[in-house]
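Asks: Quick note on the working numbering: the sequence shown kicks off at 1 and runs consecutively.
By construction, the Cβ of each residue, glycine as well, lies at the ideal position given by its N, Cα and C atoms.
Remember, it's a predicted structure, so these values are computed and weren't measured experimentally.
Submitted below is the structure of interest, expressed as structure tokens.
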Amino acid sequence: MLWLWRPYTAHELLLLCGAGVLATLSQLSLSKAYGHAEAAQIGPANYLAIVFAGVWAALLWGEYPDPTSLAGMALILLALLLCLPWRRR
Numbered sequence: 001m002l003w004l005w006r007p008y009t010a011h012e013l014l015l016l017c018g019a020g021v022l023a024t025l026s027q028l029s030l031s032k033a034y035g036h037a038e039a040a041q042i043g044p045a046n047y048l049a050i051v052f053a054g055v056w057a058a059l060l061w062g063e064y065p066d067p068t069s070l071a072g073m074a075l076i077l078l079a080l081l082l083c084l085p086w087r088r089r
């Protein structure tokens, strides 16, 4: 609510700036990756964000995913494995 707004503390401002720097580095890395490989190879890896969100929530806040979420994470990982190029020997 606007009337409850207060200035950020130094700690909050540092966290916001850190998040901005990390988001910028993430986008620059993703752009660089798209320059080195085809979008069909890199695009599916974006779904790993869902898996990592569940992992970080469990590690940092003790919010463990329910069975449906775990099944979704497993499907994402399986799909990524199927997208990997397989080399013939």
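Considering ALA40, what are the terminal residues of the alpha helix (DSSP H) in which it resides?
Replies: By one-based count along the sequence shown, residue 40 stands at place 40. Note, ALA40: alpha helix (DSSP H), 39 to 42.
Asks: Classify PRO85 as helix, strand or coil using the three-state DSSP reduction.
Replies: As a working note, residue 85 is residue 85 in the sequence shown. Reduced to three states, the DSSP call for PRO85 is coil.
Asks: In angstroms, rounded to a whole number, what distance separates the CA positions of PRO65 and ALA57?
Replies: In the sequence shown, counting from the first residue as 1, residue 65 sits at position 65. In the sequence shown, counting from the first residue as 1, residue 57 sits at position 57. For PRO65 and ALA57, the distance between alpha carbons rounds to 8 Å.
Asks: Is it right to say GLY35 is buried, meaning 16 or more other beta carbons lie within 10 angstroms of its own, or is it exposed?
Replies: For the purposes of this step, residue 35 is identified with residue 35 of the sequence shown, where counting begins at 1. That one is exposed.
Asks: Is the beta carbon of TYR8 closer than 8 Å to that of LEU2?
Replies: Against the sequence shown, residue 2 aligns to sequence position 2. Against the sequence shown, residue 8 aligns to sequence position 8. When the beta-carbon positions are compared, LEU2 and TYR8 stay at least 8 Å from each other.
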